[in-house]
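Participant: I am attaching a structure below and will ask some questions about it afterwards.
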Amino acid sequence: MSLLVNSCAGFPSQEGGVIGGVTVVRIYNETLNEVDHRLFGQFMERPASGEPGPEAGLIPGTHSLQPEVLRLLDEMNIPIIRFPGGSAIQHCERHWPDFIDNVPGQDEERPIGRFYGFYEFLTDCETLKAEPMLVVNFRAAVWKEYSLEKAAQLAAGLVAYANAPVGADLPCGMPDWPAARAASGHPEPFGVRIFQLGNEWAGWTGSIAKQTGIINTPEQVEWTKQCIRAFAIAMRQVDPSIELIIDGQVWDDDDFVFVDMLLADQSLKEVVQYVAVHYYRPWGVKSISKNGEECGWEDLTDLDVWRACISVPDIDSNGVSVFNDRAFSLSVGHGWPIAMTEWNWNGWGDETGNPVFRSAYMRGVGAAGMLNAMLRSGGELKMGFQSMLVGSEWGIMAVRVDPEAKHKAVMTPTGQMTAFYGRCHGSRRLRVEMDGLEYFNQPVRLENIQPAEQVALLDIVATATGDRIYMHVINRDFENDRRITIDLQGMTVGGNAVSHCMQGRIESGGIWEIVAQEIDREVSAEDDRLQTTLPPRSVSIVEIPLVKLFAD
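Note that the sequence shown covers residues 1 to 552 in full-length UniProt numbering.
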């Protein structure tokens with residue numbers, strides 16, 4: 001929902017004083033990278049423990065999501081959704097057939113706790129017009145919990161359930177999974193295009209050694225490649241058109257060596273299309289420092305916490321948000337397209353109850369920093385899946401639900417922000433130059449949020465599609481408005497420009513309160529120049545129609 005107003009009660013207004021001068025933003029019709037609409041996907045996670053995920057969003061006693069949950073998901077206009085895990089997909093005590101009905105040779109019904117499975121997810125994706133992406137259990141093969149043949153056939157069975165026509169000639173010994181799908185009410189294939197081989201298995205090289213007895217890293221890599229190829233053959237025997245994602249997550253130095261050797265094998269690109277990385281900031285905060293000295297929460301001001309928390313995911317030498325960790329850089333270095341299969345502003349560990357750190361709205365602004373980094377990385381990054389889509393416990397859900405259905409589901413600021421960017425973006429990033437941009441020093445380390453010598457008060461990315469420019473701006477200033485002049489470098493405004501501005505309150509009256517709201521403001525324009533004012537701690541997308549069409 002958006003409002004066309006000058007200000008909104010309870011939210012930062014444009015009445016405050018503006019410090020400094022005007023920032024001039026020059027936008028050029030010069031493409032820096034493509035922007036894939038799948039960057040703004042979501043992760044419908046079924047966690048292994050601690051969070052019921054979509055089960056909490058069901059109409060009690062049924063397999064159907066609550067109407068308000070579905071309405072919010074539809075409002076988000078999600079391009080692609082990942083399911084079901086996450087760590088849960090790796091556990092051998094449960095396999096994907098435990099989450100469907102009409103399993104060949106079985107009569108029992110699914111118990112409560114497994115009501116939202118593959119059939120429910122895939123039919124919901126059809127309703128939402130979202131592309132599904134499914135994850136299969138790969139760790140069972142790599143860790144030798146099952147024979148490689150058995151693990152690969154289980155994965156191929158999921159491809160058959162999702163994609164094979166009824167009556168298809170299936171591999172020898174495979175159950176009739178298409179018939180199971182048809183018996184549930186969907187005789188036509190779902191047509192799932194992308195499958196991920198497991199989750200975070202590359203980040204546990206010590207466990208590979210313990211489980212398999214393969215100690216030597218090169219031998220671990222060779223065994224893993226053997227597993228990848230076996231899965232690819234088995235799954236494509238059912239559907240040759242599918243694309244595959246493998247894991248490239250790095251946790252420590254041993255993992256780095258393993259992933260480096262794995263991704264260096266360019267022949268894998270013949271069978272695999274993407275590498276998965278995960279990006280969370282700041283994670284569990286166990287250590288804090290300021291100006292290089294360890295400190296506690298009580299030593300930080302609210303402004304310190306704000307500036308640290310919204311300086312994410314990483315800050316480059318220009319003071320803007322980028323991705324710069326080892327896993328991401330490793331995949332880029334080996335020329336792999338990246339699928340960021342999990343990401344979010346995700347932090348805990350504040351024992352003193354700092355209001356800024358615990359602010360849901362602050363987390364939304366932090367998510368915007370990660371989204372700006374995604375736009376900048378569009379040359380390498382092809383998909384993004386915000387974690388998690390529906391939940392009741394963890395606090396990182398895009399849609400918060402009540403398992404008892406006593407409260408209406410609400411969209412959280414992190415979910416609002418991703419939906420906001422997903423609705424307002426172009427298909428290519430444009431070159432931007434700025435004059436008069438101001439910076440602040442960020443001296444605090446909060447776990448994996450690192451200090452930065454200079455952070456831009458305005459983080460600006462421009463994208464374009466057809467006859468329209470979208471300028472994505474985060475005003476990191478905690479207290480002050482910021483004025484900008486936009487110079488379109490010879491391109492002419494072709495209609496009314498609008499600033500779609502997401503604003504919110506740091507404080508909250510409870511988990512069911514809406515603390516962020518989109519407010520639309522008209523932007524004054526004259527030929528190729530526009531002027532607008534950005535409220536403090538806001539995220540704006542300035543939508544500018546043009547006279548001349550772009551070449552997409």
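Built from N, CA and C at the ideal position, the CB exists for glycine as well.
Quick caveat, the model's predicted, so the values are computed rather than measured.
Excluding sequence positions up to five away, which residues of its chain have a Cβ less than 7 Å from the Cβ of Glu543?
Facilitator: Excluding residues within five positions, the ones whose Cβ falls inside 7 Å are Cys424, Arg468, Tyr470, Ala497, Val498, His500.
Participant: My output table needs one value for Val22: the three-state DSSP class, helix, strand or coil.
Facilitator: If DSSP states are grouped into helix, strand and coil, Val22 belongs with coil.
Participant: Which residues does DSSP pair with Glu526 in a beta bridge?
Facilitator: Glu526 pairs with Arg529.
Participant: For the region 425–487, list the beta strand (DSSP E) runs that are entirely contained and at least 3 residues long, ordered along the chain.
Facilitator: Runs of the beta strand (DSSP E) inside the region 425–487: 428–435, 439–442, 444–446, 452–456, 458–465, 468–475, 482–487.
Participant: Any contact between the region 311–325 and the region 451–464? By contact I mean 3 or more CB pairs, one from each, below 8 Å.
Facilitator: Judged by Cβ distances under 8 Å, the region 311–325 makes contact with the region 451–464, as three or more pairs qualify.
Participant: Taking only three categories from DSSP, how would you classify Thr492?
Facilitator: Coil at Thr492, not helix or strand.
Participant: For the beta strand (DSSP E) containing Asn324, list its first residue and its last residue.
Facilitator: Careful: Asn324 lies outside any beta strand (DSSP E) and carries neither H nor E.
Participant: Evaluate Gly17 with the Cβ neighbour count: other Cβ atoms within 10 Å of its Cβ, from every protein chain shown; 16 or more gives buried, anything less gives exposed.
Facilitator: With a pLDDT of 43 at Gly17, under the threshold of 50, the modelled position of that residue is not reliable, and no figure is offered here.
Participant: With a CB to CB cut of under 6 Å and the five nearest residues on each side skipped, what residues in its chain are close to Arg537?
Facilitator: Hits under 6 Å: Phe478.
Participant: Judging by CA-CA distance, which residue of Ser540, Arg521, Leu300, Ala155 is the nearest neighbour of Ala230?
Facilitator: It is Ala155.
Participant: Name the residue from Val332, Asp176, Ile310 whose alpha carbon lies nearest to the alpha carbon of Ser359.
Facilitator: Taking only the C-alpha atoms, the option nearest Ser359 is Ile310.
Participant: Kindly indicate the opening and closing residues of the alpha helix (DSSP H) around Tyr421.
Facilitator: First-last of the alpha helix (DSSP H) with Tyr421: 413–423.
Participant: Should the region 134–143 be regarded as contacting the region 83–96, the criterion being three or more beta carbon pairs within less than 8 Å?
Facilitator: Taking 8 Å as the limit for Cβ pairs, the verdict is that the region 83–96 does touch the region 134–143.
Participant: Over the uninterrupted beta strand (DSSP E) stretch that includes Gly167, give me the two end residues.
Facilitator: Note, Gly167: premise wrong, no beta strand (DSSP E); not H, not E.
Participant: Find out if the Cβ-Cβ distance for the pair Ala234, Leu244 is shorter than 8 Å.
Facilitator: Taking 8 Å as the Cβ cut-off, Ala234 and Leu244 do not qualify as a contacting pair.
Participant: Assess, as a yes-or-no matter, whether the region 381–399 is touched by the region 334–343 under the definition of 3 or more beta carbon pairs within less than 8 Å.
Facilitator: Yes, the region 334–343 touches the region 381–399.
Participant: In terms of residue numbering, what span does the alpha helix (DSSP H) encompassing Arg229 cover?
Facilitator: 217–238 is the extent of the alpha helix (DSSP H) around Arg229.
Participant: Just confirm the distance between the C-beta atoms of Phe40 and Thr418, as a whole number of angstroms; I'd bet it's less than 8 Å.
Facilitator: The Cβ separation is near 6 Å, so the contact holds.
Participant: Cutting at 7 Å between CB atoms, please list the residues of its own chain near Lys286, excluding the five before and the five after it.
Facilitator: Excluding residues within five positions, the ones whose Cβ falls inside 7 Å are Gly349, Glu447.
Participant: In terms of DSSP beta bridges, what is Met340 paired with?
Facilitator: The partner list for Met340 (beta bridge, DSSP) reads Val277, Gly384.
Participant: In the DSSP assignment, find the beta strand (DSSP E) that holds Val192 and state where it starts and stops.
Facilitator: Taken as a continuous stretch (DSSP letters only), Val192 belongs to no beta strand (DSSP E), as it is neither H nor E.
Participant: Per the DSSP calculation, Ser331 is bridged to which residue(s)?
Facilitator: In DSSP, Ser331 forms no bridge with anything.
Participant: Report yes or no: do three or more beta-carbon pairs, one from the region 158–172 and one from the region 57–67, lie closer than 8 Å?
Facilitator: Touching, no.
Participant: Roughly how many angstroms lie between the CA atoms of Gln220 and Cys227, to the nearest whole one?
Facilitator: Near 11 Å, if we compare the C-alpha coordinates of Cys227 and Gln220.
Participant: From the DSSP output, which residues share a beta bridge with Cys501?
Facilitator: DSSP output for Cys501 lists Ile519, Ser540 as bridge partner(s).
Participant: Helix, strand or coil for Glu294 per DSSP?
Facilitator: Strand, per DSSP.
Participant: By DSSP's criteria, Trp96 is part of a beta bridge. Which residues make up the other side?
Facilitator: BP columns for Trp96 are empty, so no partner.
Participant: Exposed or buried, what is Gly86 when buried is set at 16 or more other beta-carbons lying within 10 Å of its beta-carbon?
Facilitator: With 16 or more Cβ atoms within 10 Å of its Cβ, Gly86 is classed as buried.
Participant: Taking just the CA atoms, how far does His407 sit from Val493?
Facilitator: For Val493 and His407, the distance between alpha carbons rounds to 45 Å.
Participant: Determine whether the beta carbon atoms of Val473 and Ser377 lie at a separation below 8 Å.
Facilitator: No, the pair does not count as a contact, with Cβ atoms beyond the cut-off.
Participant: Hey, could you find the ends of the alpha helix (DSSP H) Gly41 is sitting in?
Facilitator: That residue, Gly41, is in no alpha helix (DSSP H); its beta strand (DSSP E) goes 41–43.
Participant: How far does the beta strand (DSSP E) with Leu389 in it extend, from its first residue to its last?
Facilitator: Per DSSP, Leu389 belongs to no beta strand (DSSP E) and is neither H nor E.
Participant: Can the beta-carbon of Val312 be found less than 8 Å from the beta-carbon of Gly366?
Facilitator: Yes.
Participant: Can you give the Cα-Cα distance for Tyr146 and Val461, rounded to whole angstroms?
Facilitator: For Tyr146 and Val461, the distance between alpha carbons rounds to 47 Å.
Participant: Over the uninterrupted alpha helix (DSSP H) stretch that includes Asp74, give me the two end residues.
Facilitator: 67–76 is the span of the alpha helix (DSSP H), which, as asked, contains Asp74.
Participant: Which of the three DSSP states, helix, strand or coil, is assigned to Pro282?
Facilitator: Pro282: strand per DSSP, three-state reduction.
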